[in-house]
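Enquirer:
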Amino acid sequence: MTQKELAQALGISPGMVSRLAKRGMPTDSLQRAQRWRKRHLEPGRVKGARFDPNAVLDAQTHAPAREQSPAAAPSPIENLVRLAAKMQALAQAANAELIEVGGRGELVDLEPLRCALREWPTEVVALAPPMPLRVWLALNEFCLPRRSPLWQYPNRDEPMGIARLAQVAGIASNGTSFFVSACDDPERYDWRNWGGED
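The numbering used here numbers the first residue of the sequence shown as 479 and each following residue consecutively.
1) Determine the burial state of Val-613: buried for a count of at least 16 other Cβ atoms within 10 Å of its Cβ, exposed for fewer.
2) For Pro-610, write down the residues that DSSP places opposite it in a beta bridge.
3) Does the distance from the CB of Ser-626 to the CB of Ala-641 come in under 8 Å?
4) With a 10 Å radius around its C-beta and 16 neighbouring C-beta atoms as the bar for buried, classify Glu-589 as buried or exposed.
5) Tell me whether Val-495 is buried or exposed, calling it buried when 16 or more other Cβ atoms sit within 10 Å of its Cβ.
6) Using a Cβ-Cβ cutoff of less than 6 Å, which residues in the same chain neighbour Trp-598 once the five nearest sequence positions on both sides are dropped?
7) Leaving aside the five residues before and after Arg-515 along the sequence, list all residues of the same chain whose C-beta is less than 8 Å from its C-beta, in chain order.
8) So is Ala-574 buried or exposed if we call it buried at 16+ other beta carbons inside 10 Å?
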């Protein structure tokens with residue numbers, strides 16, 4: 479292969495082939511010359527490899543449409559974070575709507591929050607997001623004795639996790655019972671007719 483033929487195949491001038499040959503580029507075959515150029519020349523200095531914004535636009539315009547890969551499924555941690563945010567938003571909304579009548583929560587539908595609580599994985603109940611005490615009381619009022627210190631706690635807007643609930647209630651547990659009963663359906667019980675303070 480002559481240097482003129484090589485220059486034509488590479489798309490450069492014969493003078494450039496001569497200069498590159500002096501630097502060590504093989505001139506006996508097109509493949510060897512291309513390999514050498516790829517290894518020894520900066521990409522921006524190789525003809526055809528320079529950045530051409532029009533070429534990028536053309537490639538994008540004329541490229542065949544590729545199938546969109548399905549979005550990766552969220553990780554368990556991402557799901558937990560989303561659920562925690564949902565639970566806290568529902569709790570804040572419930573806290574804003576709760577009207578206390580005789581110390582008990584009235585006039586708010588807690589079922590959406592109960593449903594969100596039921597989605598929370600049981601193995602990480604201790605990590606359940608804190609909610610205002612007023613909301614915990616409304617969720618647990620059907621089974622929480624009136625003598626519980628939680629009813630006398632001065633700040634019902636204070637966000638509490640289940641461990642803090644147990645601490646304020648003065649019980650020696652991690653507070654899981656508060657979470658479990660908050661998930662329960664009070665309609666299963668005729669608790670308003672239980673009478674007494676317990």
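Heads up, the beta-carbon is just placed ideally off N, CA and C, and yes, glycines get one too.
Expert: Answer, in terms of the structure:
1) Looking up residue 613 in the sequence shown gives position 135. So Val-613 counts as buried.
2) Taking the first residue of the sequence shown as 1, we reach residue 610 at position 132. In the DSSP output, where bridge partners are listed per residue, Pro-610 has Pro-637.
3) Numbered from its first residue, the sequence shown carries residue 626 at position 148. Numbered from its first residue, the sequence shown carries residue 641 at position 163. Taking 8 Å as the Cβ cut-off, Ser-626 and Ala-641 do not qualify as a contacting pair.
4) The residue labelled residue 589 in the question sits at position 111 within the sequence shown. Label assigned to Glu-589: exposed.
5) As a working mapping, residue 495 is identified with position 17 in the sequence shown. Per the 10 Å Cβ criterion, buried.
6) Here residue 598 refers to the residue found at position 120 when the sequence shown is read from its first residue. These residues qualify, in order along the chain: Ala-606.
7) Position 37 of the sequence shown holds residue 515. Cβ neighbours of Arg-515 beyond the five flanking positions: Leu-488, Leu-498, Met-503, Val-524.
8) For the purposes of this step, residue 574 is identified with residue 96 of the sequence shown, where counting begins at 1. The residue is exposed, with fewer than 16 neighbouring Cβ atoms inside 10 Å.
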